[in-house]
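Trainee:
Numbering (my numbering), first residue to last: 566 to 1098.
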């Protein structure tokens, strides 16, 4: 007898252990995380953006637009609603851990019709007596409390709750990602508007210069110094410049409308004050360790939470193989008279228990388990891709900022030289020293260089915006919410420090920054599931 009890106890313990939650698989391998970024870093750049990174561009108007967008943007509002939905789903999953109680009150009154006859023999044995039954009315009153509880022996409800909690975290991280993307889009659109206005102003200046040459040419044609061909060529140049204005004005108009929508308002009546990029500063920022980036990007944290939620679903699918125990009970008062309902003699109760074990379901439970494992496998790869894409976006932005800066410096010299050449050619043409072709060539060189300089200034500023966005925009994940390890016993698992660029001092990691990603094994399969019934 004792042997049977011991065997049963061991089996029960093994079942409970099998139902426990398992650790989230660690998705990254050591070779997935570099020890440092290879892109060029500006000297003196601060490491990691601040939470109000857009203020580094030195534009009060841009700061005001970002503040408005963070409050009124409709995409952010949708993301906030998704968080509320995920919160409700979390609360629904948590409710399964508690018993359910229902209070049932009843009151009934019924009448039995009379008129029926009953014949019984007399007591003296002689003859019978017939009675006619009268109508009767009865009442029934009851007050019952019913309770049901499904003990979470195998952890099924806990696993479902954990999946819902991770889904809630994912929605919160998604909201942060939408807010970061919206802020970057507001900045990019604002810079687009200023660049378009600067292009328009530059073309208008060039049209004025071309008109001066046209006036000179007309005078020379009148005096017989120049030919009609020269006049036609210069007229074509002027009209070509005029024709370039309407498309740019339409682009600027549509960009203003797009910015208004980002602010959550209709485009009518909305205006941007600044007219060019001259007052916008070029901020500098640098990354720290690549491993620390994983705690500073909300999209990486979202992918991490999605993986953790999928793993909880794997545990829940495994727990569903075990039998479910249900406890029920009810107690209450019942009486035929309301006056006696609350007497001790009117109390009644019942309790019960039931166990349900699936014997055959056509492979439903196994298929659900296979589905959960397949979804987890896909999210492991999604997380790894998100991490690698994050590294790529930082490297791209670092290179763009540096290269656009070099290109801008060269173009500024080209514009200065071209402007001087055009000024000299205009003077010489006025004096009749050079032909119109020389002026046209100098004019075209200046037009192209000025336009290219504006585009490169815009590209450099938007690359700065992209770098701030790639570095997480000052956001940082709560270390307690992370499920992918970056430390072990408080020590970083990758100790290599980033190599400093030749033109910049070594990057320093601020206190509290995340260390590196650990060497982790490939995701291990979940414990073996019971055989199909």
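Every residue gets a Cβ at the ideal spot worked out from N, C-alpha and C, and that includes glycine. These numbers were taken from a predicted model, which means no experiment stands behind them.
1) Given a cut-off of 9 Å on the beta-carbon distance, is the pair residue 703 and residue 659 in contact?
2) Taking the continuous alpha helix (DSSP H) assigned at residue 856, which residues delimit it?
3) To the nearest whole angstrom, what separates the beta carbons of residue 664 and residue 714, a pair I think is in contact under 8 Å?
4) Compare the Cα-Cα distances from residue 564 to each of 1034, 984, 747, 1003 and report the closest residue.
5) Name the residue from 707, 950, 1016, 1039 whose alpha carbon lies nearest to the alpha carbon of residue 905.
6) Given a cut-off of 9 Å, decide if residue 736 and residue 651 are closer than it, judged by their beta-carbon atoms.
7) Once DSSP output is grouped into helix, strand and coil, what is the label at residue 869?
8) Give every residue of the same chain whose Cβ lies closer than 8 Å to the Cβ of residue 821, excluding the five residues on either side of it in the sequence, and list them in chain order.
9) So, with DSSP's three-state summary, where would you put residue 663?
10) Please classify residue 677: does DSSP put it in a helix, a strand, or coil?
11) Which of helix, strand or coil does DSSP assign to residue 711?
12) To the nearest angstrom, how far is it from the Cα of residue 988 to the Cα of residue 804?
13) Among the candidates 918, 874, 1015, whose CA atom is the shortest distance from the CA of residue 655?
14) State buried or exposed for residue 928, treating a residue as buried only when at least 16 other CB atoms are found within 10 Å of its CB.
15) By a C-beta neighbour count over all protein chains shown, 10 Å radius and 16 as the cutoff for buried, is residue 723 buried or exposed?
16) Whole angstroms are fine: how far does the CA of residue 1028 sit from the CA of residue 749?
17) Could you tell me whether the segment 918 to 925 touches the segment 936 to 945, where touching means 3 or more Cβ pairs closer than 8 Å?
18) Below 6 Å CB to CB, which residues in the same chain sit around residue 673 once its five sequence neighbours on both sides are set aside?
19) Taking the alpha helix (DSSP H) that residue 628 falls in, what are its first and last residues?
20) At 3 residues or longer, and completely inside the segment 889 to 926: list those beta strand (DSSP E) runs for me, N to C.
21) Which word fits residue 913, buried or exposed, when buried means at least 16 other C-beta atoms lie within 10 angstroms of its C-beta?
22) Since residue 932 is in the alpha helix (DSSP H), which residue starts that stretch and which ends it?
23) Measuring CB to CB, does residue 862 end up less than 9 Å from residue 766?
24) Is the distance from the Cβ of residue 1032 to the Cβ of residue 845 below 9 Å?
25) Residues in its own chain within less than 8 Å of residue 657 by CB, not counting five upstream and five downstream?
26) Who are the Cβ neighbours of residue 796 in its own chain at under 7 Å, not counting the five residues just before and after it?
27) DSSP beta-bridge partners for residue 812?
28) How big is the Cα-Cα spacing for residue 975 and residue 1015?
29) If you compare alpha carbons, which of 933, 865, 852 is closest to residue 602?
30) Give me the DSSP bridge partner(s) of residue 702.
31) Under the assumption that residue 666 contacts residue 710 (Cβ atoms under 8 Å), give the Cβ distance between them as a whole number of angstroms.
Mentor: Taking the coordinates as given:
1) The residue you call residue 703 lines up with position 138 of the chain shown. The residue you call residue 659 lines up with position 94 of the chain shown. No, these two residues do not count as a Cβ contact at 9 Å.
2) On the chain shown, position 291 is the one that residue 856 refers to. 855 to 858 is the span of the alpha helix (DSSP H), which, as asked, contains residue 856.
3) Sequence index remark: in the chain shown, residue 664 carries index 99 (1-based). Sequence index remark: in the chain shown, residue 714 carries index 149 (1-based). Confirmed, about 4 Å.
4) As displayed, the chain neither begins before 566 nor continues past 1098, which places residue 564 out of reach and without an answer.
5) Position 340 of the chain shown, counted from the start, is the residue given in the question as residue 905. If we check each option's Cα against that of residue 905, 707 comes out closest.
6) Reading the chain shown from its first residue, position 86 is the one you call residue 651. Reading the chain shown from its first residue, position 171 is the one you call residue 736. The answer is yes: Cβ separation under 9 Å.
7) Walking along the chain shown from the start, residue 869 turns up at place 304. Of the three classes helix, strand and coil, the one that applies to residue 869 here is helix, per DSSP.
8) The sequence position of residue 821 within the chain shown is 256, counting from 1. 758, 832, 835, 836, 837.
9) On the chain shown, residue 663 is found 98 positions in, with the first residue counted as 1. In the structure shown, residue 663 sits in coil (DSSP, three-state: anything other than H, G, I, E or B).
10) For the purposes of this step, residue 677 is identified with residue 112 of the chain shown, where counting begins at 1. Three-state DSSP puts residue 677 in a strand.
11) Locating residue 711 in the chain shown gives position 146, where the first residue counts as 1. Strand at residue 711.
12) On the chain shown, position 423 is the one that residue 988 refers to. On the chain shown, position 239 is the one that residue 804 refers to. Distance between the alpha carbons of residue 988 and residue 804 is about 21 Å.
13) Along the chain shown, one-based indexing puts residue 655 at 90. Residue 655 has its Cα closest to that of 874, out of 918, 874, 1015.
14) Counting from 1 along the chain shown, the entry for residue 928 is found at position 363. Exposed, because fewer than 16 other Cβ atoms sit within 10 Å of the Cβ of residue 928.
15) Taking the chain shown and counting its residues from 1, the one referred to as residue 723 is at position 158. Residue 723 comes out buried.
16) Start at 1 with the first residue of the chain shown, and residue 749 comes out as number 184. Start at 1 with the first residue of the chain shown, and residue 1028 comes out as number 463. Using only the alpha carbons, I get a separation of about 11 Å.
17) no
18) Counted from its first residue, the chain shown places residue 673 at position 108. Result list for residue 673: 705, in chain order.
19) Within the chain shown, residue 628 is the residue found at index 63, counting from 1. 625 to 637 is the span of the alpha helix (DSSP H), which, as asked, contains residue 628.
20) 889 to 900, 912 to 921
21) The count along the chain shown starts at 1 and reaches residue 913 at position 348. Classification of residue 913: exposed, given that the 10 Å Cβ count is below 16.
22) If you number the chain shown from 1, residue 932 lands on position 367. From DSSP, the alpha helix (DSSP H) with residue 932 extends over 929 to 995.
23) Here residue 862 is taken as the residue at index 297 of the chain shown, counted from 1. Here residue 766 is taken as the residue at index 201 of the chain shown, counted from 1. No, Cβ-Cβ distance for residue 862 and residue 766 is not below 9 Å.
24) Mapped onto the chain shown, residue 1032 falls at position 467. Mapped onto the chain shown, residue 845 falls at position 280. It is not a contact, given that the beta carbons lie outside the stated cut-off.
25) Mapped onto the chain shown, residue 657 falls at position 92. The beta carbon of residue 657 sits closer than 8 Å to those of 729, all from its chain and outside the five residues before and after it, given in chain order.
26) Taking the first residue of the chain shown as position 1, residue 796 is located at position 231. Same-chain partners within the cutoff: 782, 783, 786.
27) Position 247 of the chain shown holds residue 812. Per DSSP, residue 812 has no beta bridge partner at all.
28) Residue numbering aside, residue 975 sits at position 410 when the chain shown is read from its first letter. Residue numbering aside, residue 1015 sits at position 450 when the chain shown is read from its first letter. Approximately 12 Å, taken between the alpha carbons.
29) By 1-based counting over the chain shown, the position of residue 602 is 37. The option with the nearest alpha carbon to residue 602 is 852.
30) In the chain shown, the residue the question calls residue 702 occupies position 137. Beta-bridge pairing links residue 702 to 676.
31) Your numbering for residue 666 matches position 101 in the chain shown. Your numbering for residue 710 matches position 145 in the chain shown. The Cβ separation is near 6 Å, so the contact holds.
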